[in-house]
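Protein chains: 2
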Amino acid sequence: MDIIRSDTDYALRALAHLALHKDNGPIAAKALASAEDIPEDFIYKLLRSLTKAGLVESYMGAQGGFALARDPSKVTLLEAVEAIQGPITVRKCLLGKDSACPRHQTCPLSAKLEGLQCAVDQFMTKITLSEILESLKS
Amino acid sequence: MDIIRSDTDYALRALAHLALHKDNGPIAAKALASAEDIPEDFIYKLLRSLTKAGLVESYMGAQGGFALARDPSKVTLLEAVEAIQGPITVRKCLLGKDSACPRHQTCPLSAKLEGLQCAVDQFMTKITLSEILESLKS
DNA sequence: TCGATATTGGACTAAAATTATCCAACTTTG
DNA sequence: CAAAGTTGGATAATTTTAGTCCAATATCGA
Chain A
2 MDIIRSDTDY
12 ALRALAHLAL
22 HKDNGPIAAK
32 ALASAEDIPE
42 DFIYKLLRSL
52 TKAGLVESYM
62 GAQGGFALAR
72 DPSKVTLLEA
82 VEAIQGPITV
92 RKCLLGKDSA
102 CPRHQTCPLS
112 AKLEGLQCAV
122 DQFMTKITLS
132 EILESLKS
Chain B
2 MDIIRSDTDY
12 ALRALAHLAL
22 HKDNGPIAAK
32 ALASAEDIPE
42 DFIYKLLRSL
52 TKAGLVESYM
62 GAQGGFALAR
72 DPSKVTLLEA
82 VEAIQGPITV
92 RKCLLGKDSA
102 CPRHQTCPLS
112 AKLEGLQCAV
122 DQFMTKITLS
132 EILESLKS
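So the protein lines, in turn, are chains A and B. For the first sequence, our numbering gives the first residue as 2, with consecutive numbering after it. For the second sequence, our numbering gives the first residue as 2, with consecutive numbering after it.
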């Protein structure tokens with residue numbers, strides 16, 4: 002199983018593209034799709050999610066398109082991933098909230114898995130969009 | 002999305018149960034299922050996977066059942082999880098093998114994600130079944 | 001040896017999530 | 001006003017997950 006789904010992968014590519022061309026004004030979804038091999042009809046849905054999440058800004062109308070809402074160094078991998086596929090949980094019951102699991106309190110697994118949850122979140126928070134781009138240059 | 006699926010969760014509970022009662026001889030699937038709230042018809046499938054993976058030994062016939070194949074301290078969380086849901090990959094293209102992704106070589110994401118992959122694997126290898134049980138005692 | 005107790009293996013199904021596709025409505029630019 | 005573009009939602013195809021069922025096989029004990 003993949004932790005990062007393919008729609009999220011598309012979105013990350015789109016973000017990287019926007020970051021690379023951030024000084025050229027908004028980029029139309031159509032152009033983005035063809036540049037990054039993303040199904041054209043699908044990218045609208047992804048871009049809308051990214052917009053809702055505040056990672057991207059949209060400009061309607063002719064000459065419109067999409068642009069990053071902030072500097073690439075301020076966009077974390079975790080944010081981007083969660084914008085598309087929601088929070089990555091090791092196991093739902095760890096979310097606490099609607100921890101419908103009646104075993105949670107005494108569950109020996111929960112204790113250990115919380116550590117993994119932290120590690121994953123921290124790791125993905127540390128990586129920024131600009132860092133991802135850097136490995137492109139070299 | 003959960004990294005650990007619910008069938009895997011069932012399997013982990015089953016393993017924990019077997020570990021706790023490892024000196025009482027083989028435990029029948031039926032008994033295991035009712036003790037751990039696992040659908041009875043489903044547990045056979047899980048136990049077979051665990052048996053195939055070499056984590057559990059099965060004893061056919063009357064008075065038969067299942068028992069851990071090794072000491073709980075020799076069973077890692079990663080093994081158990083992979084026995085049920087296969088390898089956990091951050092992203093398929095990282096597997097290298099059938100890395101059908103034509104972008105892999107130049108993909109700026111891959112480089113970063115490999116680190117996450119390592120972190121997850123290492124974390125799950127460090128945790129053993131006996132460690133999981135310890136948090137039960139306290 | 002027979003019958004009861006178990007596992008084995010695989011076919012089958014139901015439900016949910018993922019991965020799209022399509023289209024009518026709306027907005028902006030020129 | 002027309003062209004270029006986004007918005008939002010309905011719908012559909014595919015895959016994965018989760019679960020069910022049953023006939024075949026193996027072993028124990030009387």
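Using N, Cα and C, we set each Cβ at its ideal position, and we do this for glycine too. Remember, it's a predicted structure, so these values are computed and weren't measured experimentally.
Checklist entry - Which same chain residues, not among the five before or five after residue 19 (chain B), have their C-beta less than 8 Å away from its C-beta? => result 28, 33, 57, 67, 68 and 69
Checklist entry - Measuring CB to CB, does residue 77 (chain A) end up less than 9 Å from residue 23 (chain A)? => result no
Checklist entry - Which residues of chain A have a Cβ atom closer than 8 Å to the Cβ of residue 90 (chain B), listed in chain order? => result 2, 3 and 4
Next on the checklist: Let me confirm a value: residue 88 (chain A) is counted as buried when at least 16 other C-beta atoms fall within 10 Å, else exposed. Which label applies?
Outcome noted: exposed
Next on the checklist: Could you tell me the alpha carbon to alpha carbon distance between residue 113 (chain A) and residue 130 (chain B), rounded to whole angstroms?
Outcome noted: 11 Å
Next on the checklist: Along the chain, where does the beta strand (DSSP E) containing residue 59 (chain A) start, and where does it finish?
Outcome noted: 57-60
Item to check | Span of the alpha helix (DSSP H) around residue 34 (chain A) | outcome: 30-36
Item to check | Beta carbon proximity, residue 133 (chain B) to chain A, threshold 9 Å | outcome: yes
Checklist entry - If we ignore side chains and look at the alpha-carbon of each, how far apart do residue 6 (chain A) and residue 26 (chain A) end up? => result 29 Å
Item to check | Contact under 9 Å by Cβ, residue 121 (chain B) with residue 44 (chain B) | outcome: no
Item to check | Inter-residue spacing [alpha-carbon to alpha-carbon] between residue 93 (chain B) and residue 48 (chain B) | outcome: 27 Å
Next on the checklist: I'd like to check one pair, residue 117 (chain A) with residue 125 (chain B): are the Cβ atoms closer than 9 Å?
Outcome noted: yes
Checklist entry - Does any CB atom of chain B fall closer than 9 Å to the CB of residue 121 (chain A)? => result yes
Checklist entry - Ordered along the chain, which non-local residues of its own chain (more than five positions away) have a Cβ less than 6 Å from that of residue 59 (chain B)? => result 52 and 67
Next on the checklist: I'd like to check one pair, residue 80 (chain A) with residue 63 (chain A): are the Cβ atoms closer than 9 Å?
Outcome noted: no
Item to check | Beta-carbon separation (whole angstroms), residue 13 (chain B) vs residue 73 (chain B), contact threshold 8 Å | outcome: Incorrect: roughly 12 Å between the Cβ atoms, too far for contact.
Item to check | Spatially closest choice to residue 86 (chain A) from A:50, A:42 and A:111, by CA coordinates | outcome: A:50
Checklist entry - So residue 68 (chain A) is in the beta strand (DSSP E); what residue range does that whole segment cover? => result 66-69
Checklist entry - Any idea which residues DSSP pairs residue 3 (chain A) with across the strands? => result B:90
Next on the checklist: Applying the 10 Å Cβ sphere with the 16-neighbour rule, what's the burial state of residue 10 (chain A)?
Outcome noted: buried
Checklist entry - So is residue 159 (chain A) in contact with chain B if we call contact Cβ pairs under 9 Å? => result A question about residue 159 (chain A) goes unanswered here, because the residues of chain A that appear run from 2 up to 139.
Item to check | residue 40 (chain B) to residue 16 (chain B) span [Cα, whole Å] | outcome: 15 Å
Item to check | Beta-bridge partners of residue 129 (chain B), as assigned by DSSP | outcome: B:77
Checklist entry - DSSP on residue 23 (chain A), reduced to helix/strand/coil? => result coil
Item to check | For residue 63 (chain A), the three-state DSSP class (helix, strand or coil) | outcome: coil
Next on the checklist: Please list the terminal residues of the continuous alpha helix (DSSP H) segment that includes residue 72 (chain B).
Outcome noted: Where residue 72 (chain B) is concerned, there is no enclosing alpha helix (DSSP H), given that its DSSP letter is neither H nor E.
Checklist entry - So, is residue 119 (chain A) buried or exposed, given that buried needs 16 or more other C-beta atoms within 10 angstroms? => result exposed
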